[in-house]
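Chemist: Could you have a look at this structure, given as structure tokens, before my questions?
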Amino acid sequence: MSEIPGDLKFLKSHEWARVEGNGRVTVGISDHAQGLLGDLVYVELPGVGDTVQAGNAAAVVESVKAASDVYSPVSGTVVEVNEALADKPETINEDAYGEGWLFVVEMSEPEQVNELLGPDDYAELLENDDH
Amino acid sequence: MTLKTLLNETHRALGAKMVDFGGWDMPIHYGSQIDEHHLVRRAAGMFDVSHMTVVDLKGARTREFLRQLLANSIDKLKVAGKALYSCMLNAEGGVIDDLIVYFLADDFFRMVVNASTREKDLAWIRQHAAAFGVEVVEREDLAIVAVQGPQARALVAGLVADADRAALDRLGRFAALDVTSVDGVPLFVARTGYTGEDGYEVLLPQTAVVAFWNALLAAGVKPAGLGARDTLRLEAGMNLYGQDMDESVSPYEAALAWTVALDEGRDFIGRGVLEAQKAAGNARQMIGLVMDEKGVLRHGQKVLTANGEGEILSGTFSPTLGKAIAFARVPAGDIPLGAAGNVRVDIRGKEVPVRVVKFPFVRDGQAQPGIDA
Numbered sequence: 001m002s003e004i005p006g007d008l009k010f011l012k013s014h015e016w017a018r019v020e021g022n023g024r025v026t027v028g029i030s031d032h033a034q035g036l037l038g039d040l041v042y043v044e045l046p047g048v049g050d051t052v053q054a055g056n057a058a059a060v061v062e063s064v065k066a067a068s069d070v071y072s073p074v075s076g077t078v079v080e081v082n083e084a085l086a087d088k089p090e091t092i093n094e095d096a097y098g099e100g101w102l103f104v105v106e107m108s109e110p111e112q113v114n115e116l117l118g119p120d121d122y123a124e125l126l127e128n129d130d131h
Numbered sequence: 001m002t003l004k005t006l007l008n009e010t011h012r013a014l015g016a017k018m019v020d021f022g023g024w025d026m027p028i029h030y031g032s033q034i035d036e037h038h039l040v041r042r043a044a045g046m047f048d049v050s051h052m053t054v055v056d057l058k059g060a061r062t063r064e065f066l067r068q069l070l071a072n073s074i075d076k077l078k079v080a081g082k083a084l085y086s087c088m089l090n091a092e093g094g095v096i097d098d099l100i101v102y103f104l105a106d107d108f109f110r111m112v113v114n115a116s117t118r119e120k121d122l123a124w125i126r127q128h129a130a131a132f133g134v135e136v137v138e139r140e141d142l143a144i145v146a147v148q149g150p151q152a153r154a155l156v157a158g159l160v161a162d163a164d165r166a167a168l169d170r171l172g173r174f175a176a177l178d179v180t181s182v183d184g185v186p187l188f189v190a191r192t193g194y195t196g197e198d199g200y201e202v203l204l205p206q207t208a209v210v211a212f213w214n215a216l217l218a219a220g221v222k223p224a225g226l227g228a229r230d231t232l233r234l235e236a237g238m239n240l241y242g243q244d245m246d247e248s249v250s251p252y253e254a255a256l257a258w259t260v261a262l263d264e265g266r267d268f269i270g271r272g273v274l275e276a277q278k279a280a281g282n283a284r285q286m287i288g289l290v291m292d293e294k295g296v297l298r299h300g301q302k303v304l305t306a307n308g309e310g311e312i313l314s315g316t317f318s319p320t321l322g323k324a325i326a327f328a329r330v331p332a333g334d335i336p337l338g339a340a341g342n343v344r345v346d347i348r349g350k351e352v353p354v355r356v357v358k359f360p361f362v363r364d365g366q367a368q369p370g371i372d373a
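Quick mapping for you: the protein sequence lines, in order, are chains Z and R.
Just so we're aligned: the first sequence equals residues 1 to 131 in my numbering.
Just so we're aligned: the second sequence equals residues 1 to 373 in my numbering.
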């Protein structure tokens, strides 16, 4: 399992959020989540301009064996999506915290990031999951 | 309770991700299900399928018993060693299980049945065997390793004693042979499988399975998990019990008409219902689907046809084709092949068009005609 980057925030449902400093948040799924899903073969991304709600499904990732909703960690408007995933969904398996990002949200309620888990809390959650 | 095969620790040491598989703790993959799939299509891979149930049937009237028990005709087996795929039906024509039966001697047949159906199978078999004086012996002392892929037979040959190698090399498809390993272990080697590739399923004593697995590993055979086994068998057009058929489904409704022998005068269990279904011509049907759009077909999705609604049975992403494939059960009635069939699948509220195709989808490493577009 790769290291959890210190600048990320998390949902319990294994999405990560990186606050970019310009009111925008980049969203992906954790390395742990990609490991649970196995080889990813399809990603359904939101459209640029779509409105997303914190805690609601905004994307779908599908592996050979399972489909999983991806919840947006924050509310706002989708301003960018990772088009490269359409042809190479396995990028998420290879680099979940980097090239495997899913979409970028321009936040409508920036204080929501305070409710997300920090990297240590998320690591602890995974630890407890294992027992 | 979680059941473990004797290879459980070996799987873990190889980095397997373990999952519950009908009460058994089994490897789903050892890193990448897709890599393991391709390995079997292009070279060779091995699967621990020791969770499956081996049942030996002994007695002078065993053949007579199997004439009644199985929907396929045991009399197709004329030469010792030959194998037959069949369904075992209940009185309503529903599938209790699908299985392979081997003819070993006039008073000795061997069946391999599914793991998830073990208890009901054994109860059913014993119930009907009694009248024929047939002895039913579950072979819990045997493990099973499937070695599959274009290089599988050559790699297994290297582990077989010199004296047996030529005979094994001559073994035809869907037949089995007793041989001895280079270490002196008795191996029951069947040229069968669940992947659509050539290869063997090897039954051997539990006490020898770890050493045999490690010898295969040393010979260059990589392990493959049950995830790859599932995508391989679906590409190969093979049914999975519990998903594609069960006791509420007849073989005719599961594209298994080819395994039903309505031979004259053989009163097998369920025959009456099958004959009525055949005469009425209204049985539901199982069709093959390919989706050219991106996405994955999955069990339970709604299927829309001109004859009414059905549902996806087995559905997956086909690593060989790079697109989704599925079996679906739909109402009776002709459906043209290809896009002309006008069949659609409801995926998260969106109607996605699919093509109706003949299966297998993939055989011996190659997409079959009409599958790829």
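Even for Gly, the Cβ is constructed at its ideal location relative to N, Cα and C.
1) Residues in the same chain with beta-carbon distance under 6 Å from A255/R, minus the five sequence neighbours each way, listed in chain order, please.
2) Verify the CB distance criterion: does K12/Z have a CB-CB separation below 8 Å to chain R?
3) Note down, in chain order, all residues in the region 15–48 of chain Z with a beta-carbon under 7 Å from any beta-carbon belonging to chain R.
4) Show which residues of chain R have a CB atom less than 7 Å away from the CB atom of K65/Z.
5) If you check the beta carbons only, do G281/R and L232/R fall under 8 Å apart?
6) Counting only C-beta atoms, is V296/R closer than 8 Å to chain Z at any point?
7) Can you give the Cα-Cα distance for G370/R and R348/R, rounded to whole angstroms?
8) For Q375/R, decide whether its Cβ has a neighbour in chain Z, counting only Cβ atoms nearer than 8 Å.
9) Would you say E62/Z faces chain R, with C-beta separation under 8 Å as the test?
10) Find the nearest neighbour of G265/R within the set Q68/R, Q148/R and D97/R, judged by alpha-carbon distance.
11) Do you know offhand how far L85/Z's Cα is from G118/Z's?
12) Can you give me, in chain order, the residues of the region 309–324 of chain R that have a beta carbon less than 7 Å from any beta carbon in chain Z?
13) Hey, which unbroken runs of the alpha helix (DSSP H) at 4 residues or more fall wholly within the region 155–179 of chain R?
14) List the residues of chain Z that T231/R touches, going by C-beta distances under 8 Å, in chain order.
15) Counting only runs of 4+ residues fully inside the region 19–74 of chain Z, write out the alpha helix (DSSP H) ranges in chain order.
16) Return the chain-ordered list of same chain residues with a C-beta closer than 8 Å to the C-beta of G94/R, the five sequence neighbours on each side being excluded.
17) Would the region 292–301 of chain R and the region 125–143 of chain R be scored as touching if the rule is three or more Cβ pairs under 8 Å?
18) Measuring only the C-alpha atoms, how far is A326/R from N82/Z?
19) Sort K358/R, L274/R and E351/R by Cα distance to L89/R and report the nearest one.
20) In this structure, does DSSP put M1/Z in helix, strand or coil?
21) Could you please give the first and the last residue of the uninterrupted beta strand (DSSP E) stretch that includes V352/R?
22) Judging by CA-CA distance, which residue of F268/R, A236/R and V343/R is the nearest neighbour of L375/R?
23) Which one or two residues does DSSP pair with T77/Z in a beta bridge?
24) Applying a beta-carbon distance threshold of less than 7 Å, which residues of chain Z neighbour H29/R?
25) Which same chain residues end up closer than 6 Å to G365/R when comparing Cβ atoms and leaving out the 5 residues on each side of it in sequence?
26) Tell me which same chain residues have a C-beta within less than 7 Å of the C-beta of N8/R, skipping the five on either side of it?
27) Alpha carbon to alpha carbon, how far is V48/Z from G15/R? Give it in angstroms, no decimals.
28) Could you spell out the range, first to last residue, of the beta strand (DSSP E) harbouring K323/R?
29) If we require 4 or more residues per run, which alpha helix (DSSP H) segments fall completely within the region 179–206 of chain R?
30) Would E83/Z pass as an interface residue toward chain R - the criterion being a Cβ-Cβ separation below 8 Å?
31) For chain R, find out if any of its Cβ atoms is closer than 8 Å to the Cβ of M1/Z; answer yes or no.
32) Helix, strand or coil for V362/R, going by three-state DSSP, please let me know.
33) Does the beta-carbon distance from L45/Z to E90/Z come in below 8 Å?
Modeler: Looking at the atomic coordinates:
1) M286
2) no
3) G38, D39, V41 and Y42
4) G227
5) no
6) yes
7) 27 Å
8) Examination of residue 375/R is not possible in this model, given that chain R is present from 1 through 373 alone.
9) yes
10) Q68/R
11) 26 Å
12) T316 and F317
13) 162–170
14) V64
15) 31–37
16) D246, E247, S248, V249, S250 and G270
17) no
18) 28 Å
19) L274/R
20) Here M1/Z scores only 49 on pLDDT, less than 50, and its place in the model is too uncertain to base an answer on.
21) K350 to V357
22) With chain R running from 1 to 373 in the structure shown, residue 375/R is simply not present.
23) T51/Z and E106/Z
24) G38
25) R41
26) D25
27) 40 Å
28) K323 to V330
29) none
30) no
31) Residue confidence is low: M1/Z scores 49 on pLDDT, short of 50, so the model does not pin down where it sits. Its coordinate-derived value is still stated next. Output row for M1/Z: interface = no.
32) strand
33) no
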